[in-house]
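Protein chains: 2
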Amino acid sequence: MGTTKSEGFSTETNELAHLFKALGHPARIAIIQFLRKQESCICNDLVNELPLAQPTISQHLKELKNAGIIKGNISGTSICYCLDLSKIKLLDVFLASLSYDQNQSCC
Amino acid sequence: MGTTKSEGFSTETNELAHLFKALGHPARIAIIQFLRKQESCICNDLVNELPLAQPTISQHLKELKNAGIIKGNISGTSICYCLDLSKIKLLDVFLASLSYDQNQSCC
DNA sequence: TTGTTATATTGCAATATTACGATGTTATCG
DNA sequence: CGATAACATCGTAATATTGCAATATAACAA
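Keeping their order, the protein sequence lines are chains G and C. According to the working numbering, the first sequence is numbered sequentially starting from 1. According to the working numbering, the second sequence is numbered sequentially starting from 1001.
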């Protein structure tokens, strides 16, 4: 155990969980907030922005890329990372679907 | 290590990460999907719906409650769990804020 | 070539998460 | 009262995550 049991759940459920999990770390939220703030999406100075060592940041970027939340292009010596809005939209749709039902019958 | 470093990040960043993390497991997504599907929000038969043992489900419910995503009221022998939409809305607002900027200058 | 800059990968220690059997707890039923 | 039903909690094994130093790689500059 320690392993997440994914067999009994639908593909959609598993994908949503995987995306949410990728966002479930302050460093990764901070990366996304920084990307949003940036004019360009080149983020070479992330190391100076976050209170984490360079390998740790690299690891978090990898996880976000793996989940499909950001995409990166090599641009000379640095790398250009940008948000992939299609995945964000998936999450947005899911969360929005929760607000429609107002069966507040007991709570 | 193994411990998440939260000191260097803003309160908002940490809270968002904490909420997303709570959603980062298929069982917890399934619980929320089930809550959405239900007419009433009494969810005593979650044990029959999910491919997990009762203590495991109880643990996941606790985590969702801890994050403030669901709230539970005792109702006789069973417990009534419902979504707390205010937290959902926080996430919704964050995700929506990512879609406004269209600085697709490189990717 | 040598050096520098930007990033990735490896390896590991510390800690967290997941899952579940066993066992509590609490309310209701007979 | 005792039995049952619906949870919660405890304890623990297996595995995952986090963070970083050390090291590798790759592109460019001098």
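Here a beta-carbon is modelled for each residue, glycine too, at the ideal position from N, C-alpha and C.
- Message: Below 8 Å on C-beta distance, what does residue 1013(C) contact in chain G?
- Response: Within the second sequence, numbered from 1, the residue matching residue 1013(C) stands at position 13. By Cβ distance, chain G contributes 26, 29, 30 and 33.
- Task: Please report how far the alpha carbon of residue 1069(C) lies from the alpha carbon of residue 76(G), in whole angstroms.
- Result: Locating residue 1069(C) in the second sequence gives position 69, where the first residue counts as 1. Locating residue 76(G) in the first sequence gives position 76, where the first residue counts as 1. The alpha-carbon atoms of residue 1069(C) and residue 76(G) are separated by roughly 44 Å.
- Query: If residue 186(G) and residue 18(G) are in contact, beta carbons under 8 Å, what's the gap, nearest whole angstrom?
  - Reply: Because chain G is modelled from 1 through 107, residue 186(G) falls outside the range shown and cannot be assessed.
- Item | Three or more C-beta pairs below 8 Å linking the region 19 to 38 of chain G and the region 47 to 65 of chain G | Touching, per the Cβ criterion.
- Do residue 47(G) and residue 57(G) have their CB atoms nearer than 8 Å? Within the first sequence, the letter at position 47 stands for residue 47(G). Within the first sequence, the letter at position 57 stands for residue 57(G). In contact: residue 47(G) and residue 57(G) (Cβ atoms closer than 8 Å).
- Task: Name, in chain order, the residues that DSSP records as bridge partners for residue 72(G).
- Result: As a working note, residue 72(G) is residue 72 in the first sequence. Partner(s): 81(G).
- Message: Taking the alpha-carbon of residue 87(G) as reference, which of 73(G), 16(G) and 27(G) has the nearest alpha-carbon?
- Response: Looking up residue 87(G) in the first sequence gives position 87. Here the closest residue by C-alpha is 16(G).
- Could you give the C-beta distance for residue 50(G) and residue 1008(C), rounded to a whole number, given that I count them as a contact under 8 Å? Along the first sequence, read from residue 1 onward, the residue named residue 50(G) stands at position 50. Along the second sequence, read from residue 1 onward, the residue named residue 1008(C) stands at position 8. That belief holds up - the Cβ atoms of residue 50(G) and residue 1008(C) are roughly 7 Å apart, short of 8 Å.
- Message: Quick check: the Cα distance between residue 1027(C) and residue 53(G), rounded to an integer number of angstroms?
- Response: Position 27 of the second sequence holds residue 1027(C). Position 53 of the first sequence holds residue 53(G). So the two alpha carbons sit approximately 33 Å from each other.
- Query: Quick one, are the C-beta atoms of residue 95(G) and residue 1098(C) less than 8 Å apart?
  - Reply: Within the first sequence, the letter at position 95 stands for residue 95(G). Within the second sequence, the letter at position 98 stands for residue 1098(C). No; because the gap between Cβ atoms is not below 8 Å, this pair is not in contact.
- Of the residues 45(G), 14(G), 29(G) and 85(G), the one placed nearest residue 1030(C), counting alpha carbons only: Position 30 of the second sequence, counted from the first residue, corresponds to residue 1030(C). With distances taken between Cα atoms, residue 1030(C) lies closest to 14(G).
- In whole angstroms, what is the alpha-carbon distance linking residue 72(G) and residue 91(G)? Here residue 72(G) refers to the residue found at position 72 when the first sequence is read from its first residue. Here residue 91(G) refers to the residue found at position 91 when the first sequence is read from its first residue. Residue 72(G) and residue 91(G): Cα-Cα distance of roughly 21 Å.
- Item | Minimum C-alpha distance to residue 93(G) - residue among 81(G), 12(G) and 74(G) | Locating residue 93(G) in the first sequence gives position 93, counting from the first residue. Cα-wise, what sits closest to residue 93(G) is 12(G).
- Closest Cβ-Cβ distance between residue 1045(C) and chain G: below 8 Å? Your numbering for residue 1045(C) matches position 45 in the second sequence. By this cut-off, residue 1045(C) is not an interface position.
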